[in-house]
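Visitor: First, the structure itself, so that you have it in front of you.
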Amino acid sequence: MNAREIRNADNHGLGNATNAVNKIKLPPINLPTFDGLYDRWPNFRDTFRTVIDENSNLTDIKKLYYLKLALKGVAAEILESMELSADNYDVAWNILESRFENKRVLVHHHLQALVEFPVMQKESSTGLRQLLDHTEKHVRALKKLGEPTDQWGTILVYLTTAKFDNTTKREWETKTSAREVATYMQFIEFTTNRCVMLETLKLDKSKGAKLSSSDTSHKSSNANKKAIAAVTAEAKSDKCLACNQGNHRLYHCPSFLNLAPPARSKEVKRLKLCFNCFKGDHSVESCNASTCRVCHKKHNTLLHIPKDEGTEHGSGIKLHDERSLRAFRPSTEKEEINKNHLQIPETITLADPSFHIPGRIDVLLGGSIFWELLCVGQIKLGKNQPIAQKTKLCWIIAGPINFKGYNESSIASVSSISAITTIETQLERFWQIEECNVQLEASENDKLCESEFDQTHRRNAAGRFEV
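In the numbering used here, the protein residues as written are 46 to 512.
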C-alpha cells in the first residue's frame with residue numbers, strides 16, 4: 046500500500062468518525078435569562094455572547110428577538126418599547142451594558158456577601174462546606190472584576206474564620222501558628238480537610254445508627270415473642286393454682302384470702318411464685334410490678350405482716366378491731382345529730398350507718414395508716430355541710446355541722462383523727478418548764494398605790510374608767 050492509499054484510508058476513517066459524532070443527538074442549550082440583578086449580569090453577559098452574539102448563523106434581528114426573550118422583570122422593561130429590527134440589536138445591547146456594567150456596584154455586592162455570611166452555630170460539614178463554596182465564589186468574581194484578591198489574604202482569613210463555630214475555631218487556632226499570620230491558602234486547605242473529616246464521621250455515624258436500629262428491632266421482636274408466649278401460657282392455665290377450682294387469679298382466690306399473711310407467704314413459696322406479683326415466670330428480684338402499698342417493700346400487699354400484730358407505732362395508738370370506721374366524738378357530747386339535715390346521696394355505702402348516734406369508739410386511727418385508707422372520691426354535701434370521703438372501709442362523713450337550732454356545743458366533727466397529745470399542749474408544757482415560779486411580795490408603796498387606785502377609780506357600765 047502506497048502513501049496515497051494510506052492517506053485515503055485515514056481520511057475515510059476520519060470521515061466515518063465525524064459522521065458518527067454528527068449523528069449523536071446532543072441536549073439543547075437553554076437560553077440564559079436575566080432579571081436585572083447586578084450580580085447576575087456578568088454570567089448572563091458572557092453566556093449570551095457565547096451562545097447568541099458570536100453565532101454567525103444568526104441575523105441581528107434574530108439576536109434581538111432572543112435577547113428580548115431572555116430578559117425578565119426590570120431588565121425586560123428597559124427594552125419593552127424598542128421595535129424589533131436589525132438596527133436596534135446593537136443599540137439594545139449597549140443600553141444593557143451601560144445600565145448593568147457597573148463595576149462599583151458589583152464589587153460592593155460581592156464584598157457585602159462575604160461580610161454578611163451568617164456565623165455557624167454548631168459544627169457541621171454542611172455549614173462548613175457552604176462557607177467554603179460561598180467564599181471562593183465571590184473571591185473568583187472579584188478577581189474577574191480586576192480586584193487584587195491575591196493581596197487580600199489576611200483580610201479574607203479574618204472575615205471567614207470569624208464565621209467558624211466555637212469547635213472549628215478552636216481547631217483552627219490549634220492547627221495554625223500562634224505567632225505567624227495565616228494565609229488564604231491555609232484557610233482553604235484547613236476547611237477542605239475538615240469538611241472531608243466531618244463527612245466521613247457523619248457517614249460512619251449513620252451506618253452505626255442503622256446497625257443499632259436493626260439490633261433494637263431484633264431485640265424488640267424477641268421481647269414481643271416472649272411476652273406473647275407468657276400471655277399464652279398464662280391464658281392456658283385456667284384453674285387457680287391455690288384451690289385448683291375457679292378460673293380466677295391467686296389474689297382473687299377466696300381460700301387464699303382467708304389465710305393469714307404468714308400462711309399466704311408459705312403458700313406462695315410452695316407454688317414457686319413471685320412474692321410481688323404472684324407470677325411464676327420470674328423471681329422477685331427481677332419483678333417490675335409495684336411494691337407493697339403499706340411498707341413499700343418488694344412483696345405483695347396481701348403478704349404484708351403488720352408489726353406487733355396490730356399496733357400502729359407512728360402514733361402510739363392500739364387498734365382494737367377493724368369492724369368499721371366509726372365517728373369519733375368527745376365524751377362530753379351526748380346529743381344525737383339529726384342526719385335528716387345532711388344531704389347524703391343514697392348511692393354511697395357508709396362505713397358506719399349509725400355515725401349520728403353517740404356511742405363507744407371502735408377504733409382510733411393514727412396519721413400513718415389513715416392516709417392509706419383514703420381512696421379517690423369526694424362529695425361535698427352542700428354549703429355549711431360536711432364532706433363525704435371514700436375510703437377502703439366504704440364512705441365516711443367528715444367536717445363541721447352548722448345548722449340553725451344547734452348550740453355551739455353541738456357543732457362537732459362527725460369524723461376526725463385524734464392524736465395522743467395536741468401541739469397546743471406540748472407548747473404549753475414547754476413554756477411551763479421554762480417559766481420561773483418566783484412570787485414577789487408587794488412593797489408598802491405598791492400597796493398604797495393600789496389602795497389609792499381602788500378608792501378613786503371605778504369602771505362604768507360602758508367599760509370605761511371614771512375618776
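Every residue, glycine too, gets a C-beta built ideally from N, C-alpha and C.
No experiment lies behind these values; they were computed from the predicted model shown.
Go to residue 422, then tell me how far its beta strand (DSSP E) extends in each direction, as first and last residue.
Guide: Where residue 422 is concerned, the enclosing beta strand (DSSP E) stretches over 419-425.
Visitor: Is the number of C-beta pairs between the region 78-85 and the region 98-106 that are closer than 8 Å three or more?
Guide: no
Visitor: Please report the residue range of the alpha helix (DSSP H) in which residue 494 lies.
Guide: 489-501
Visitor: Return helix, strand or coil for residue 85, following the three-state DSSP convention.
Guide: It is helical.
Visitor: Report back the beta-carbon spacing between residue 206 and residue 214 to the nearest angstrom; my notes put them in contact at under 8 Å.
Guide: 7 Å
Visitor: Could you tell me if residue 309 is buried or exposed, where buried requires 16 or more neighbouring beta carbons within 10 angstroms of its beta carbon?
Guide: buried
Visitor: Using the rule of at least 16 other Cβ atoms within 10 Å of the residue's Cβ for burial, across every protein chain shown, is residue 153 buried or exposed?
Guide: exposed
Visitor: If distances are taken between C-alpha atoms only, which option among 197, 505, 159, 192 comes closest to residue 179?
Guide: 159
Visitor: State the Cα-Cα distance for the pair residue 444 and residue 435, rounded to the nearest angstrom.
Guide: 14 Å
Visitor: Please identify the residue among 323, 146, 406 whose C-alpha is closest to the C-alpha of residue 120.
Guide: The residue with the shortest Cα to Cα distance from residue 120 is 146.
Visitor: So if DSSP puts residue 440 in a beta bridge, which residue, or which two residues, is it bridged to?
Guide: 395, 435
Visitor: Any idea if residue 396 is buried or exposed, counting beta-carbon neighbours within 10 angstroms, 16 or more meaning buried?
Guide: buried
Visitor: Using a threshold of 8 Å, state whether the C-beta atoms of residue 77 and residue 89 are closer than that.
Guide: The answer is yes: Cβ separation under 8 Å.
Visitor: If we ignore side chains and look at the alpha-carbon of each, how far apart do residue 491 and residue 470 end up?
Guide: 35 Å
Visitor: Between residue 381 and the rest of its own chain, which residues show a CB-CB distance below 7 Å, the 5 nearest in sequence each way excluded?
Guide: 401, 402, 403
Visitor: If distances are taken between C-alpha atoms only, which option among 182, 288, 292, 171 comes closest to residue 248?
Guide: Looking at 182, 288, 292, 171, the one whose alpha-carbon comes closest to that of residue 248 is 171.
Visitor: Keeping to the same chain, check which residues put their C-beta closer than 8 Å to that of residue 510; ignore five residues upstream and five downstream.
Guide: 502, 503, 504
Visitor: Identify the residues that DSSP records as bridge partners of residue 511: which are they?
Guide: According to DSSP, residue 511 bridges with 503.
Visitor: Counting only runs of 4+ residues fully inside the region 115-141, write out the alpha helix (DSSP H) ranges in chain order.
Guide: Taken in chain order, the complete alpha helix (DSSP H) segments of 4 or more residues contained in the region 115-141 are 118-123.
Visitor: Please state the DSSP three-state secondary structure of residue 209.
Guide: Here residue 209 sits in coil by DSSP.
Visitor: If you drop the 5 nearest sequence neighbours on each side, which residues of the same chain put their C-beta closer than 7 Å to that of residue 301?
Guide: Answer for residue 301: 287, 295, 309, 312, listed in chain order.
Visitor: Between the C-alpha atoms of residue 489 and residue 508, what's the straight-line distance to the nearest angstrom?
Guide: 29 Å
Visitor: Tell me the DSSP secondary structure of residue 367 in three-state form.
Guide: Low per-residue confidence applies at residue 367: pLDDT is 38, beneath 50, and the placement is therefore not dependable enough to give any value.
Visitor: Under the rule that 16 or more other beta-carbon atoms within 10 Å means buried, what is residue 341, buried or exposed?
Guide: exposed
Visitor: Does DSSP put residue 323 in a helix, in a strand, or in coil?
Guide: coil
Visitor: Specify the secondary structure class of residue 162 as computed by DSSP and reduced to three states.
Guide: coil
Visitor: So, for residue 317: in the same chain, excluding its five sequence neighbours on each side, which residues have a beta-carbon less than 8 Å away from its beta-carbon?
Guide: 325
Visitor: Quick check on residue 235: does DSSP put it in helix, strand or coil?
Guide: helix
Visitor: Does DSSP put residue 361 in a helix, a strand or coil?
Guide: Interpretation of residue 361 is limited by its pLDDT of 34, a score under 50 that renders its predicted location unreliable; no figure is taken from the coordinates.
Visitor: With a CB to CB cut of under 8 Å and the five nearest residues on each side skipped, what residues in its chain are close to residue 298?
Guide: 285, 287, 288, 291
Visitor: To the nearest angstrom, report how far apart residue 446 and residue 315 are at their CA atoms.
Guide: The alpha-carbon atoms of residue 446 and residue 315 are separated by roughly 54 Å.
Visitor: Cα separation between residue 378 and residue 412?
Guide: Reliability of the predicted coordinates at residue 378 is poor, the pLDDT of 48 falling under 50, and the value obtained from them is presented with this limitation in mind. C-alpha separation (whole angstroms): 24 Å.
Visitor: What residue range is occupied by the uninterrupted alpha helix (DSSP H) comprising residue 175?
Guide: Note, residue 175: alpha helix (DSSP H), 170-189.
Visitor: Look at the alpha carbon of residue 167 and the alpha carbon of residue 173, and state the distance between them as a whole number of angstroms.
Guide: 10 Å
Visitor: What's the C-alpha gap between residue 393 and residue 426?
Guide: 12 Å
Visitor: Compute the beta-carbon to beta-carbon distance between residue 110 and residue 129, rounded to the nearest angstrom, for a pair I have assumed lies under 8 Å.
Guide: 6 Å
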